[in-house]
Amino acid sequence: MVRRFGAAVALVLVTGTTHAAAQTSMLWGDKGELWSPASRLPDFSHAGYHGGARAIPEPPVIVDVRDFGAVGDGAADDGPALQAAIDAAALQVSAASPGAVWIPAGSYRVGSVLSVTSSGVVLRGDGEATELVFDVSLADLFGPSATWSYSGGLLRFDGSGPSTDVTTVVAEAVRGEQSLVVATTDGLAVGDRVVLHLEDQGDSLGTHLHAEQREPGTCSYQIPLTLDWPVRIEEIDGTTVTLEQPLRTDVRTAWSPSLRSHAFLEEVGVERLRIRFPDVAYAGHLEEPGYNALLFTGGVANGWVDDVVVVNADNGVITEALTKQITVRRLRSEGRKGHHGANVALSADVLFEDFALDSPFIHDLTLDHRSNGIVFSRGGGNHTLNLDHHRDSPFENLFTELGPFNYSVGGNACAGSPVGARTTYYNLAPPMDTPLLWGDVQTHVIGALLAEEDTLTDGAEWYEHLPHPDPPNLYEAQLAARFCSGPVDACTRDGWDVDTQSCRRVARADGLPCDDGLADTEGDACDAGLCVGTTPAPSPDNDAADTGCSCRLGGPARRGAEAWWLLGLVALSAGGRRRARRSRSGRSGSAAAPGSGGAGRPGSRASWRSPCGSPRSPRRASWGRSRRSR
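Under the numbering used here, residues 10 to 639 are what the sequence shown spells out, in order.
Take a look at the structure:
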């Protein structure tokens, strides 16, 4: 029996001002002081290119597609020339020394699949002036198949190859630990990326992936149930191997654990171009012919998609089969309806950020097939985002700072519960509805909840009502906690700038209550000011130097005077689980968050309001686009 307790959430009650105080989560605190790797709240900080430890590079141009016969006039089939340029680049680059294939402005008609199968190859266009026009579908090329509705891509990054057992794991470990004891370390070296392979003929692994609360699915592809988790080796001491990041699951000897080698495709990417498909009517759900843009499969790590527009796609970005630490940022979709905007399966630690899905998809953001550590951060679209949960144990994934949204369930019914353990929804556009009844799998819903739901249970679901969560973005907060150790004050906090690989003082949102910290010697200090001069994020012209605590906006309250605001006390009570106070009338398998109708997209920052209630800073958007030369 899982021990449970109920709790009333602490709320900051503000009087005399329209500004509400920010609240910190009881699972995280201000800068992670309430968190540990063993906490129920997962560690999402390793998502994206090199887990945030390196900036996405700017490899030099080594090949120009025009030198291989590409015309870019929209008429000639440039597919063979583009593939020849990719193949030529592959002979000159490596993961240690990547290089770019330059695709200058033009419209390049492509009648075939373009494949990148060598590390170090980057495809770079001249912004939206460069357009790859695929006038064929996967069904046109390879024949009709139901697979094309969710898999395959016309621009393919493929690291397929054998995975070979190197050693067995001989001692059990628990989630949150970082070391494994193996039979031998022969064939292993510090810095190697290995695959932790688990395999179970029974139900225990699948149940574990559901926080020991739900049984796994029974589809044929789930028997035996396997989990392959790529991870780097940080240290070797005798037969103890220390990993780069904490374990996401227990490791039990009953699951035949082993470390495998795999030759990953690394340091690959596509940036600054458009991918367009014919403007034809949508074929229908599960009838898609495969106008699929980008595919990462077979073992791809440390890659990126940056500043890419996808038009008229059945599927925008698909990751599967040992995809690890890919960053997809500034992705935009346009055109007709499609199936999946992003479809993530059998992948780990993939980061989607600053995206705008401006074409409707049946499933905008899909989690599938044991994917874990996936982060969707700071994104939206011109419609309500559909957060799709496609079964087969996707676990420990994060949605944070997204625009208006709803939840849905897809996938085969035989594949089990919609989600696995510890899916986290943090500070999405208010009001945040709670998810459909996944079952008690330690789901986290933290933010401005509908109907002020406030039930917290340590063994099952966690609904925490924070109208103004601070920090506003859980992924960025965890990243800063991992790399930075600066002080936190009333109006600023640490932030990790991935592009510059440096810590930066990040201003908290305007209007937070603060104490200026000054002695009240001449009536010039107050303990109830408001943070001013702030923006939600750092930029070159704002490094939090112009922030501070102002008493003028907060009023003339002085020390010893009547309290400016009242802090509610947290009351913990032992006993049974207290269900959230919520209304579920009229809910179905895809229930929109009430009041969450259409909204602007983050590509137009001022067109939609952040979850904190203030317009997102336009300066951040322009700064992000100008960080790298075009």
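All C-beta atoms in this analysis are idealised placements derived from N, C-alpha and C, irrespective of residue type, glycine included.
task = Helix, strand or coil for residue 126, going by three-state DSSP, please let me know.
result = In the sequence shown, residue 126 corresponds to position 117, counting from 1. Looking at residue 126 - three-state DSSP - the assignment turns out to be coil, as it is neither helix nor strand.
key: Separation of residue 70 from residue 281, as counted between CA atoms   = Taking the sequence shown and counting its residues from 1, one reaches residue 281 at position 272. Taking the sequence shown and counting its residues from 1, one reaches residue 70 at position 61. Taking the straight line joining both Cα atoms gives about 14 Å.
key: Straight-line gap, residue 173 to residue 182 (C-alpha atoms, nearest Å)   = As a first step, residue 173 is located in the sequence shown; it is residue number 164 there, counting from the start. As a first step, residue 182 is located in the sequence shown; it is residue number 173 there, counting from the start. Spanning the two alpha carbons is a distance of roughly 22 Å.
inquiry  = If distances are taken between C-alpha atoms only, which option among 437, 277, 248 and 454 comes closest to residue 194?
reply    = As a first step, residue 194 must be located in the sequence shown, where it is residue number 185. For the residues 437, 277, 248 and 454, the minimum Cα distance to residue 194 belongs to 248.
task = Measure the Cβ-Cβ separation of residue 433 and residue 414 and say whether it is below 9 Å.
result = Locating residue 433 in the sequence shown gives position 424, counting from the first residue. Locating residue 414 in the sequence shown gives position 405, counting from the first residue. No, the pair does not count as a contact, with Cβ atoms beyond the cut-off.
ask   = Apart from the five residues on each side of it in sequence, which residues of its chain come closer than 8 Å, Cβ to Cβ, to residue 322?
value = As a first step, residue 322 is located in the sequence shown; it is residue number 313 there, counting from the start. Around residue 322: 284, 286, 300, 301, 302, 342, 344, 347 and 368.
inquiry  = Helix, strand or coil for residue 500? Go by DSSP, reduced to three states.
reply    = The count along the sequence shown starts at 1 and reaches residue 500 at position 491. In the structure shown, residue 500 sits in coil (DSSP, three-state: anything other than H, G, I, E or B).
Inter-residue spacing [alpha-carbon to alpha-carbon] between residue 197 and residue 131 = For this step, residue 197 is matched to residue 188 along the sequence shown. For this step, residue 131 is matched to residue 122 along the sequence shown. Between residue 197 and residue 131, the C-alpha separation is close to 29 Å.
key: Spatially closest choice to residue 402 from 237, 88, 275 and 338, by CA coordinates   = Walking along the sequence shown from the start, residue 402 turns up at place 393. Selected option, being the one with the closest Cα: 237.
key: Three CB pairs or more closer than 8 Å across the region 247 to 262 and the region 79 to 98   = Flag = no, the region 247 to 262 and the region 79 to 98 do not touch.
request  = Have a look at 508, 440 and 212 and flag the residue whose alpha-carbon is nearest the alpha-carbon of residue 478.
outcome  = By 1-based counting over the sequence shown, the position of residue 478 is 469. Nearest C-alpha to residue 478: 440.
key: Option in 73, 421, 471 and 382 with minimal Cα separation from residue 239   = Position 230 of the sequence shown, counting from 1, holds the residue named residue 239. When only C-alpha atoms are compared, the closest one is 382.
ask   = Tell me the DSSP bridge mates of residue 168?
value = Along the sequence shown, one-based indexing puts residue 168 at 159. Its beta-bridge partners do not exist; DSSP assigns none.
ask   = Where residue 468 and residue 184 are concerned, what is the direct C-alpha to C-alpha distance, given to the nearest angstrom?
value = For the purposes of this step, residue 468 is taken as residue 459 along the sequence shown, with counting starting at 1. For the purposes of this step, residue 184 is taken as residue 175 along the sequence shown, with counting starting at 1. Their backbone Cα atoms lie some 15 Å apart in a straight line.
ask   = Does the pairing of the region 154 to 166 with the region 348 to 365 give three or more beta-carbon distances under 8 Å?
value = Contact between the region 154 to 166 and the region 348 to 365 is present, because at least three Cβ pairs lie under 8 Å.
Buried or exposed by the 16-neighbour rule on C-beta atoms within 10 Å, applied to residue 151 = Numbered from its first residue, the sequence shown carries residue 151 at position 142. Answer is exposed; the Cβ neighbour count stays below 16.
task = Kindly indicate which three-state DSSP category residue 239 falls into: helix, strand or coil?
result = Here the question's residue 239 lines up with position 230 in the sequence shown. In the structure shown, residue 239 sits in a strand (DSSP, three-state: E or B).
request  = For residue 210, count neighbouring C-beta atoms within 10 Å of its own C-beta (all shown protein chains included) and say buried if the count is 16 or more, exposed if not.
outcome  = Locating residue 210 in the sequence shown gives position 201, where the first residue counts as 1. Exposed.
query = So residue 202 is in the beta strand (DSSP E); what residue range does that whole segment cover?
reply = Your numbering for residue 202 matches position 193 in the sequence shown. Residues 202 to 209.
message = Taking 7 Å as the limit between beta carbons, can you name the residues of its chain near residue 4, skipping five residues before and five after?
response = With the chain covering only 10 through 639, there is no way to say anything about residue 4.
message = Under 8 Å: do the region 329 to 342 and the region 359 to 376 share three or more Cβ pairs, one atom per stretch?
response = Cβ pair count under 8 Å is three or more, so yes.
message = Is the separation between the beta-carbon of residue 428 and that of residue 376 shorter than 9 Å?
response = The residue given as residue 428 occupies position 419 in the sequence shown. The residue given as residue 376 occupies position 367 in the sequence shown. Yes. Within cutoff.
query = Where do the N-terminal and C-terminal ends of the alpha helix (DSSP H) with residue 364 fall, by residue?
reply = One-based indexing of the sequence shown puts residue 364 at position 355. For residue 364, there is no enclosing alpha helix (DSSP H), since its DSSP letter is neither H nor E.
query = Which ranges would you report for the beta strand (DSSP E) in the region 409 to 475 if only whole runs of at least 3 residues count?
reply = Look at the region 409 to 475 and you find these whole runs of beta strand (DSSP E), each 3 residues long or longer: 414 to 418, 433 to 435, 453 to 456 and 471 to 474.
query = Apart from the five residues on each side of it in sequence, which residues of its chain come closer than 8 Å, Cβ to Cβ, to residue 372?
reply = In the sequence shown, residue 372 corresponds to position 363, counting from 1. Excluding positions up to five away in sequence, the list reads 348, 349, 350, 352, 395, 397, 399, 417 and 419.
Chain D contact for residue 416 (CB, 9 Å cutoff) = Here there is only one protein chain, and chain D is not present.
ask   = Is residue 164 closer than 9 Å to residue 147 when the C-beta atoms are compared?
value = As a position in the sequence shown, residue 147 is number 138, starting the count at 1. As a position in the sequence shown, residue 164 is number 155, starting the count at 1. In this structure, residue 164 does not lie closer than 9 Å to residue 147 by Cβ.
request  = Quick one: residues in its chain with C-beta nearer than 6 Å to the C-beta of residue 192, no 5 flanking neighbours on either side, listed in chain order?
outcome  = As a working note, residue 192 is residue 183 in the sequence shown. The answer, listed in chain order, is 176, 177 and 179.
In DSSP terms, what residue 404 is bridged to = Taking the sequence shown and counting its residues from 1, one reaches residue 404 at position 395. The partner list for residue 404 (beta bridge, DSSP) reads 381.
message = Once DSSP output is grouped into helix, strand and coil, what is the label at residue 89?
response = Residue mapping note: residue 89 aligns to position 80 of the sequence shown, counting from 1. If DSSP states are grouped into helix, strand and coil, residue 89 belongs with the helices.
inquiry  = If I measure Cβ to Cβ from residue 425 and keep anything under 6 Å in the same chain, skipping five residues before and after, which residues do I get?
reply    = Taking the sequence shown and counting its residues from 1, the one referred to as residue 425 is at position 416. Correct list, in chain order: 225, 226 and 400.
query = What residues match up with residue 143 in a beta bridge as DSSP calls it?
reply = One-based indexing of the sequence shown puts residue 143 at position 134. Per DSSP, 119.
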